[in-house]
Structures are given as structure tokens and as C-alpha cells.
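In the working numbering, the protein residues as written are -11 to 265. Heads up, the thing below is written out as C-alpha cells.
Encoded structure:
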């Protein structure tokens, strides 16, 4: 097999949670570029339909499966599993991408004037349920199928905040009272650190069973944020800028393919060098 041929994942069925989001769609592109079959899971039906239409226009004639599914429900995941096995007979990859990510753009419900001392328990629990429990259940349901077929790849999506702590200074606004300042909540950091622990556990658990598990840490994605925020964050990055969405798919395809056949339990960091400063 040539080097380029090792990057092909032809006919492999790859599940992508949070598939309707921006990064989820980029993961989908990676699978399609490798000639695989992406399976997008999301709770937002309209967003899923838009993502599928977008992929159909970009990759005409290539299969894209979509399911409205709740990753915190084992029953919901088992329905997806059973349907895929009936249709294709195998499940070859899983990208645990879904998480409650409080963003600077778009008025995110969990990115605002909430400090550590008054972070609602309900928000903490919801973030844990989606980011950690959801990934755990997906690994149980879909990863076990890979174990039985003695082959498969799981990519757990973390963040630079799985390696470092948020620098809250980049979220601060001059002239705003302390109690009204925006912060990145603790739950996001805990989820992104925890997902790396899940990777290491499963990499050793499935090490001799043909299932590889790795972590990808994307960071600093530019997507319509306030210019002041972009400037503050870019100053923390050795490359001096935030990342572009198109800078992720090639790495995802490498991690899914046989080109990375001896890599498991690893953390792949795409952060422009931010975590080395």
C-alpha cells in the first residue's frame, strides 16, 4: 500500500456526534475526502438537514447518513447502532465531537456573567452529561461493536483547554463591573480534561483488541468573534492568529486512517503553539 493509499478509509462507517455544527461538518468533510461514509448525529433536526444539504452540494453522489439522536440516551444510540448494522454490517469509526461549548459569538446561553461561585448546578450537570457521559455512552455502544469486529478508531475531541486553563483576561470587557464580566465556565475545562482521561483509559483497555483511541485538541477557531477578542487571543498564540476551520480535516483523516495505525492513546494538538507558551 502506498503512502497516499494509507489515508483512504473507503467504505468505512464513521459516526460524528454534534455533526451539524461547524467543526462537525469539517469532520464530515474529512470522512468524505477519504471516501468513507459519515454518520452525523445531532439533536437539532433543522441543522442536520442543512448540514446534509451542504455536503450533498459539496460532494454530490457521496453518501451522508444523518440521525436525530440524544447521545445522553443509550436507547437512542442503540437505535442508531442497530440501523447502521442492518444497513452496512459494520461501524468503523467514532468522533466524539458533541459538547456544550460556550462561545464568544452568537450569545451562547452558558457564556455570560456567571462566576464560579454561582455557576448553576443544572448547567454543570448538563455540560457533564453531553461532554462526558455522552462520549462514554457512545464508546460503550459503538466502541463495543468495533471491539467485536476487532477493528475501529475513536477520536475524542478535546481542546487547548484540555491542556491549559482558560485565560479569563481575554473575555474581560473594560468598564464592566466584576460581577458582570464574562468568563469561560469551569465545566468546559473539566469536560475537556476528562475526555483526555477517557482516551487514555480506552486506549489501554482496547489496545490488543484492534481499537485505537486518540484525542484531538483543536483551538482558537475564528468564527465571527468580536475583533477585540480576536486580537487578545491571537496575542497568546505564537503563530499570531486564530485557526481557520479548514485547518482540521486533514489531521482528522490521518487519525481515522491506517496512516496512523501505530498511534493510540495520543493527544494531537492543533493550537498554533498556544499551549507551549
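By construction, the Cβ of each residue, glycine as well, lies at the ideal position given by its N, Cα and C atoms.
Ordered along the chain, which non-local residues of its own chain (more than five positions away) have a Cβ less than 6 Å from that of residue i?
i           : result
residue 117 : 60
residue 253 : 188, 191
residue 8   : 30, 32, 35, 36, 39
residue 240 : 15, 18
One question on the structure: do residue i and residue j come within less than 8 Å of each other, judged by their Cβ atoms?
i           : j           : result
residue 143 : residue 72  : no
residue 50  : residue 29  : no
residue 78  : residue 128 : no
residue -4  : residue 245 : yes
residue 69  : residue 133 : yes
residue 150 : residue 183 : yes
residue 197 : residue 81  : no
residue -2  : residue 24  : yes
residue 115 : residue 88  : yes
Using alpha carbons as the reference points, say which of the options lies closest to residue i.
i           : options            : result
residue 227 : 215, 207, -1, 23   : 207
residue 146 : 234, 244, 86, 16   : 86
residue 148 : 177, 134, 55       : 177
residue 119 : 106, 62, 179       : 179
residue 235 : 224, 200, 247, 257 : 257
residue 157 : 47, 172, 151       : 172
residue 265 : 22, 123, 224, 65   : 224
residue 122 : 209, 64, -7        : 64
residue 263 : -7, 109, 155, 210  : 155
residue 247 : 222, 109, 141, 135 : 141
residue 210 : -7, -6, 10         : 10
Please classify residue i as buried or exposed, where buried requires at least 16 neighbouring CB atoms within 10 angstroms.
i           : result
residue 98  : Per-residue confidence for residue 98 stands at a pLDDT of 43, beneath the threshold of 50, marking its modelled position as unreliable; no derived number is given.
residue 164 : exposed
residue 249 : exposed
residue 153 : exposed
residue 14  : buried
residue 194 : buried
residue 48  : exposed
residue 22  : buried
residue -11 : exposed
Spatial neighbours of residue i within its chain, please: C-beta separation below 7 Å, excluding the five flanking residues on both sides.
i           : result
residue 174 : 104, 107
residue 135 : 194, 197, 199
residue 181 : 150
residue -6  : 245, 246, 247
residue 255 : 184, 203, 205
residue 218 : 210, 230
Rounded to a whole number of angstroms, what is the C-alpha to C-alpha distance between residue i and residue j?
i           : j           : result
residue 169 : residue 214 : 15 Å
residue 200 : residue 161 : 43 Å
residue 46  : residue 237 : 15 Å
residue 159 : residue 220 : 9 Å
residue 111 : residue 125 : 20 Å
residue 216 : residue 166 : 19 Å
residue -9  : residue 130 : 29 Å
residue 261 : residue 57  : 35 Å
residue 230 : residue 12  : 18 Å
residue 243 : residue 251 : 8 Å
residue 222 : residue 259 : 11 Å
residue 96  : residue 109 : Confidence at residue 96 is low in this model, with a pLDDT of 43, below 50, so the placement of that residue should be treated as unreliable; the coordinate-derived value is given next. Looking at the two C-alpha atoms, the distance is approximately 17 Å.
residue 90  : residue 2   : 26 Å
residue 67  : residue 139 : 21 Å
residue 41  : residue 113 : 33 Å
Can you name, in chain order, every residue of its own chain whose Cβ lies under 8 Å from the Cβ of residue i, other than the five neighbours on each side?
i          : result
residue 16 : 4, 7, 26, 28, 39, 43, 52
residue 62 : 125, 128, 129
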